[in-house]
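Under UniProt numbering, think of the first position of the sequence shown as 1, with each following residue one higher.
The beta carbon of each residue, even a glycine, is placed where N, CA and C say it ideally should be.
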Amino acid sequence: MRGRREAILESQSPLLTPTTTPTSAGAVADGGGLDRGKITFRKRKWKPSRLEGITLNVAGNSRLMAIERVTGEDFGILCRLLKNNPYINGLDVRYNLLSDIGACYAAKLLQKQHNLTYLNLMFNDIGPEGGEVIAKALHKDTTLKHLRMTGNKIENKGGMYFAAMLQINSSLEKLDLGDCDLEESTVHLGHMLKENQWLVELHMCKHDIKNGGMKQLCDALYLNRSLRYLDVSCNKITQDGMVCLADVLRSNTTLEVIDLSFNRMENAGAKYLSDTLASHNRTLKALSVVSNNIEGEGLVALSQSMKTNPTLSNIYIWGNKFDEATCVAYSDLIHMGRLKPDNTDVEPFVVDGRVYLAEVSNGLKRHYYWIPGYGAACSQSSNAGFTLVPVGQHL
Numbered sequence: 001m002r003g004r005r006e007a008i009l010e011s012q013s014p015l016l017t018p019t020t021t022p023t024s025a026g027a028v029a030d031g032g033g034l035d036r037g038k039i040t041f042r043k044r045k046w047k048p049s050r051l052e053g054i055t056l057n058v059a060g061n062s063r064l065m066a067i068e069r070v071t072g073e074d075f076g077i078l079c080r081l082l083k084n085n086p087y088i089n090g091l092d093v094r095y096n097l098l099s100d101i102g103a104c105y106a107a108k109l110l111q112k113q114h115n116l117t118y119l120n121l122m123f124n125d126i127g128p129e130g131g132e133v134i135a136k137a138l139h140k141d142t143t144l145k146h147l148r149m150t151g152n153k154i155e156n157k158g159g160m161y162f163a164a165m166l167q168i169n170s171s172l173e174k175l176d177l178g179d180c181d182l183e184e185s186t187v188h189l190g191h192m193l194k195e196n197q198w199l200v201e202l203h204m205c206k207h208d209i210k211n212g213g214m215k216q217l218c219d220a221l222y223l224n225r226s227l228r229y230l231d232v233s234c235n236k237i238t239q240d241g242m243v244c245l246a247d248v249l250r251s252n253t254t255l256e257v258i259d260l261s262f263n264r265m266e267n268a269g270a271k272y273l274s275d276t277l278a279s280h281n282r283t284l285k286a287l288s289v290v291s292n293n294i295e296g297e298g299l300v301a302l303s304q305s306m307k308t309n310p311t312l313s314n315i316y317i318w319g320n321k322f323d324e325a326t327c328v329a330y331s332d333l334i335h336m337g338r339l340k341p342d343n344t345d346v347e348p349f350v351v352d353g354r355v356y357l358a359e360v361s362n363g364l365k366r367h368y369y370w371i372p373g374y375g376a377a378c379s380q381s382s383n384a385g386f387t388l389v390p391v392g393q394h395l
């Protein structure tokens, strides 16, 4: 950490270019962050236009080398450097050790740096107090559009401050509060969705949402006209929750992507959704029902809805119980061109005259938490949710 701290202190110029030795590759790279060999900053002549912007990647989970992670105090030094820099509009410090100390510095940066549109703080040991100061800093912020708090245990206390903030803030478009130890947060977030008409994308995975919570969310979605991407994966929603969602989708004309992965809708829930998609909804583009204990009857019903629904283009079904009818149904959709191979997570193959389905690495957010060891990290087929709802420029 000493090398990075010294590098920052060596220059106080508001116009800095991060360079690395022996190579500058990775200064803004896929998951690798800054090359940790030796970092220096120097004045530069080239000036990017206001519209270009730079995302500074200091992620702490590099696959290429062992690195020391950024602490809260280290982050404070970086924030002091960035507060007067007009060219940095994105900051990715995921998987570091910022804690509540770093959260306080992040809050100060949001108050002083008026060009920042993207901030990724996922998995940084930020607790309820840190969540509170960040949420309060966003009350008056008018520039940040995308915030990822994923994996920080801000708990219900911190979550309430974010819900309150979203009833005031009119600039934030994408928010991830997944895996933040929030339990049944739908009461407060439901109230927020009734008031907030700017948020476009909301991630609520691992919120312990049950059917009652899903109903509260759906009640809010009748009034909300901005949300296009809803992620309620990894919760405890069953067929009764699907009844509420299916009813909302009959009249909702804004939702385009819904992630229901790792719930338990079963056949009945799948049929409720398929009936609505077949006869009423014409705005949903992508649906993930991965690992929902759905059997052949429900999976076939969803495939049939795609034949009458021209809008639904992406469907993800792996982790359910495939029978021969399911395999044939999705094979037919792919072979007739109704379902493109890149828009689903299964691929048909034939053995001894019988059709089977194999898994492929496509999905709404396959590379959301990690970077692949090879291939494109931001491929459209692996992260279709962000392609379908292209708010801003960052994952």
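Quiz item: I317 by DSSP, collapsed to three states: which one?
Solution: coil
Quiz item: Which whole runs of the beta strand (DSSP E) in the segment 82-114 are 3 residues long or more, in chain order?
Solution: Unbroken beta strand (DSSP E) stretches of 3 residues or longer found wholly inside the segment 82-114: 88-92, given in chain order.
Self-check item: Backbone CA spacing between D181 and V355 [nearest angstrom]
Solution: 42 Å
Quiz item: What are the partner residues of R148, as DSSP defines its beta bridges?
Solution: N120 and D176
Self-check item: At least 3 beta-carbon pairs within less than 8 Å: the segment 131-144 vs the segment 184-197
Solution: no
Quiz item: By Cβ distance, which residues of its chain are closer than 6 Å to L110, with the 5 residues on each side in sequence left out?
Solution: A137 and D141
Quiz item: Can you give, in chain order, each stretch of the alpha helix (DSSP H) that sits fully within the segment 288-340 and has at least 4 residues?
Solution: The alpha helix (DSSP H) runs lying completely inside the segment 288-340 and spanning 4 residues or more are 296-308 and 324-335, given in chain order.
Quiz item: Hey, A267 and E295: beta-carbon distance below 8 Å or not?
Solution: Per the sequence shown, residue 267 should be read as Asn rather than Ala. It is a contact, given that the beta carbons lie within the stated cut-off.
Practice problem: Measure the CB-CB distance between V257 and L56 and report whether it falls below 8 Å. | Solution: no
Self-check item: For N57: DSSP bridge partner residues
Solution: Under DSSP, N57 shares a beta bridge with D92.
Practice problem: With a 10 Å radius around its C-beta and 16 neighbouring C-beta atoms as the bar for buried, classify V248 as buried or exposed. | Solution: buried
Practice problem: Sort S185, L64, L223 and R80 by Cα distance to V232 and report the nearest one. | Solution: S185
Quiz item: Is the beta carbon of C327 less than 8 Å from the beta carbon of L357?
Solution: yes
Quiz item: What separation, rounded to the nearest whole angstrom, lies between the Cα atoms of G102 and M149?
Solution: 13 Å
Self-check item: C-beta contact flag for T254 and T283 at 8 Å
Solution: yes
Quiz item: For D231, which three-state DSSP category applies?
Solution: strand
Exercise. Give me the Cα-Cα distance between A325 and G385, rounded to the nearest whole angstrom.
Key: Going by the C-alpha atoms only, they are around 28 Å apart.
Quiz item: Do L91 and T71 have their C-beta atoms within less than 8 Å of each other?
Solution: Cβ atoms of L91 and T71: not closer than 8 Å.
Exercise. Assuming K215 contacts C244 (C-beta within less than 8 Å), just tell me the rounded distance between them.
Key: Indeed, because the Cβ distance is near 5 Å, the residues count as touching under 8 Å.
Exercise. Return helix, strand or coil for V70, following the three-state DSSP convention.
Key: coil
Quiz item: Looking at the unbroken beta strand (DSSP E) that takes in L202, where does it start and where does it end?
Solution: E201 to H203
Exercise. For R250, count neighbouring C-beta atoms within 10 Å of its own C-beta (all shown protein chains included) and say buried if the count is 16 or more, exposed if not.
Key: When all chains shown are included, R250 counts as exposed.
Exercise. Report the residue from A329, N252, D352 and D219 whose alpha carbon sits nearest the alpha carbon of K285.
Key: N252
Quiz item: Can you tell me whether P128 is buried or exposed, with buried defined as 16 or more other CB within 10 angstroms of its CB?
Solution: P128 should be labelled buried.
Self-check item: Coarse secondary structure for Y356, derived from DSSP in three states
Solution: strand
Self-check item: Nearest candidate by alpha-carbon position, reference Y316, set G353, P310 and S303
Solution: S303
Quiz prompt | Rounded straight-line distance, which links the Cα of H188 to that of L166 | solution = 10 Å
Self-check item: 4-residue-minimum alpha helix (DSSP H) runs that sit fully inside the segment 211-259, ordered along the chain
Solution: 211-221 and 239-251
Quiz item: Going by other Cβ atoms of all chains shown within 10 Å of its Cβ, with 16 needed for buried, is D345 buried or exposed?
Solution: buried
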